[in-house]
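Colleague:
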Amino acid sequence: MGSAPNYKPKLIHGSLGNILEDVPQLSKYTPHLLSYSNSLEENPAYSVVK
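Here numbering that gives the first Met the number 0 is used: position 38 in the sequence shown is 37, and no number is missing along the way.
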């Protein structure tokens, strides 16, 4: 994921010597990405989803 020009990985060092890297959001690389609502919220058969 280091292909972005301003990418600075956020590293967290654990107490047991492990290193975790924070994963960047997809919207950071594709700012014009469309989003859609969850169609199951409108369906009465899936009323539990609400």
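All C-beta atoms, glycine included, are put in the ideal place defined by N, C-alpha and C.
What is the DSSP secondary structure of L39, counted as helix, strand or coil?
Modeller: Locating residue 39 in the sequence shown gives position 40, where the first residue counts as 1. Here L39 sits in helix by DSSP.
Colleague: Output the distance between the C-alpha atoms of L39 and L25, rounded to the nearest integer angstrom.
Modeller: To locate residue 39, count along the sequence shown from 1; it is residue 40. To locate residue 25, count along the sequence shown from 1; it is residue 26. Distance between the alpha carbons of L39 and L25: 23 Å.
Colleague: In the DSSP assignment, the beta strand (DSSP E) including L10 goes from what residue to what residue?
Modeller: By 1-based counting over the sequence shown, the position of residue 10 is 11. That run of the beta strand (DSSP E) goes 10-12.
Colleague: Below 7 Å CB to CB, which residues in the same chain sit around G13 once its five sequence neighbours on both sides are set aside?
Modeller: Locating residue 13 in the sequence shown gives position 14, counting from the first residue. For G13, where only same-chain residues beyond five positions count, the Cβ hits under 7 Å are L19.
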